[in-house]
Every structure is written in structure tokens, then in C-alpha cells.
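Take the first sequence: its position 134, counting from 1, is numbered 134 in the UniProt record's numbering, and each next residue is one higher.
Every residue gets a Cβ at the ideal spot worked out from N, C-alpha and C, and that includes glycine.
For reference, the structure discussed in these notes is given below.
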Amino acid sequence: MSWTEERIDTLKKMWDSGMTATQIAEELGGVSRNAVIGKAHRLGLQSRPSPVKPNEAKAEAIAPAPKPAAQPAAAVAPAPRAAAEPAPRAATPAPASASADAPAEPREPSAPVLRSVGPGGFVRQNPGEQTPPISPAPPRRLVPAKPSDAIAGKTGLLDLNDRICKWPLGHPGEPDFHFCGDKVNPGFPYCVAHCGHAYQAQLPRRDRRPPPPLPFGGPRVR
DNA sequence: CCCTGATTCGC
DNA sequence: GCGAATCAGG
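Structure representation (C-alpha cells):
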């Protein structure tokens, strides 16, 4: 098997949507997961959280190690990405739950951080502030290998790109499994509406809603 | 053990 | 460029 443009395209999109190398290899067929990983790196695709540490933590001297606040002061600064770094975007997965600010720390009105707040109450991250949340949990196995008729006109796996909502509709493996496909809320993998589902503000326990929406249709029994 | 992705290196 | 072998963390 060779890396045709089509297969490379599939690899890119699956990698981008959070599929594991094993799953991508199964989907493509004829290649091992090692081949997929190797190709992904050669293509310069975004690194995924690796189990292996790069080994780099020797900056702590005898200084009384002040705990760095989670919120840097330079929140409004534009993308501080190093110019030498070839990676155009860093999508290192991070827990969607943001730190719940204690009520004892009121925001200074004199120094407002420019943020927009979505319909679900989620707080929009400014550039360079924090890494965006990960895509929905990838399915363990089956992914529609071939576009079926049921998916015609809908946003399939191969239609994913950086500008459309990756919110999954239906269950992976089912014929009509597809993605939302709306225009994304800039900076997020989802559209505004689905950001509202994905990022819910922490509500008081008294009136919390029981059904938390789960990406990819939630856990499934087979 | 299983899984994962990263890296190396002979081809 | 390719990918098996190897490594290393979870």
C-alpha cells in the first residue's frame, strides 16, 4: 500500500479528529499503526499527548518556587508562538473543566480581560492563553470505513476540516453517523451551539442538570 | 500484560 | 520516504 493523496488526506483528518494511530491504521488498511505514526510525523501533523516525556524539568533552582498562577497576566497578548516552531497549532488535549474561580477573588473592573462568553456559559479562551479542549472521545473501534448512502449530504469523517463543527451525531459504526458540520465557533472544534453543550459552566449543585451530554453519543453497549 | 505515541535507523 | 523495531509512560 502506498500513501496516495486520498489516504494521506484521510490520515490527516482522522488524526485531527482524535483517532488513535491504531484506529487510523485499521481504517486505511494495509498499514500498521507505526506506519501511520511515522507518516503523521513526516507530514508534520500535530503531536498528540505522548506517554513518553521529552525529559525537561530542570529550571527550578534554589528559589522558593513561587506557584505560578494558572492565569498569566499577558492574556491579551497575541499568539506567543515561537517563530522557530513549525507547528502551526497546538491542540494539546486538556480537561475541559476550567478552574472554578473562588468567589473570594473578584475581578478588577479596571483590568478586564477581553473574553467572550458562549451560550452555555463557557468562557472563550484568548489566543495563547490555554490550549483548546480536545475533540470528542474517539470511538474505540469501528468507524464508517466507506461513505454510505445514508451519510450522503451530511458531514462525514472525510469532510472534517478546521472550520467546521466536529460534533458527532449518531454513533460511530452506524450508517448515518456523521458530524455537525456547521461553521465553528472560532477557536473551538465545535459550532457555537455545540460549544454550549461541550463547555458548560459549573452550576450550583442545587440546580444542576442530570443529563450531561456525551460526545459521540456517549457510551454504548454492544 | 494491555494500550498509547515518539523515535531510531536500515532499507 | 517508508515502517518495523524499539522505547517509554499510562
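From residue i to residue j, what distance separates their C-alpha atoms?
i, j, result
"residue 185", "residue 15", "21 Å"
"residue 153", "residue 176", "11 Å"
"residue 196", "residue 162", "19 Å"
"residue 38", "residue 27", "16 Å"
"residue 45", "residue 25", "16 Å"
"residue 188", "residue 181", "13 Å"
"residue 2", "residue 29", "11 Å"
"residue 170", "residue 178", "7 Å"
"residue 164", "residue 198", "15 Å"
"residue 191", "residue 19", "20 Å"
"residue 47", "residue 41", "8 Å"
"residue 36", "residue 11", "8 Å"
"residue 5", "residue 156", "18 Å"
"residue 214", "residue 193", "The predicted position of residue 214 is uncertain, since its pLDDT is 41 and thus under 50; a value taken from the coordinates is nonetheless stated next. Answer to the nearest angstrom: the Cα atoms are 14 Å apart."
"residue 9", "residue 168", "20 Å"
"residue 43", "residue 31", "16 Å"
Start and end of the alpha helix (DSSP H) containing residue i?
i, result
"residue 46", "Residue 46 -> no alpha helix (DSSP H), and no H or E assigned at all."
"residue 30", "Careful: residue 30 lies outside any alpha helix (DSSP H) and carries neither H nor E."
"residue 195", "192-198"
"residue 9", "5-16"
So residue i and residue j are in contact, right, with Cβ under 8 Å, and what is the actual spacing, rounded?
i, j, result
"residue 166", "residue 17", "6 Å"
"residue 280", "residue 22", "For residue 280 there is no data in the structure shown, the boundaries of the chain being 1 and 222."
When DSSP labels each residue in this structure, what does residue i get in the three-state scheme?
i, result
"residue 84", "Unreliable positioning characterises residue 84 in this predicted model, as indicated by a pLDDT of 39, which lies under 50. A coordinate reading is not provided."
"residue 166", "coil"
"residue 39", "helix"
"residue 22", "helix"
"residue 183", "strand"
"residue 155", "strand"
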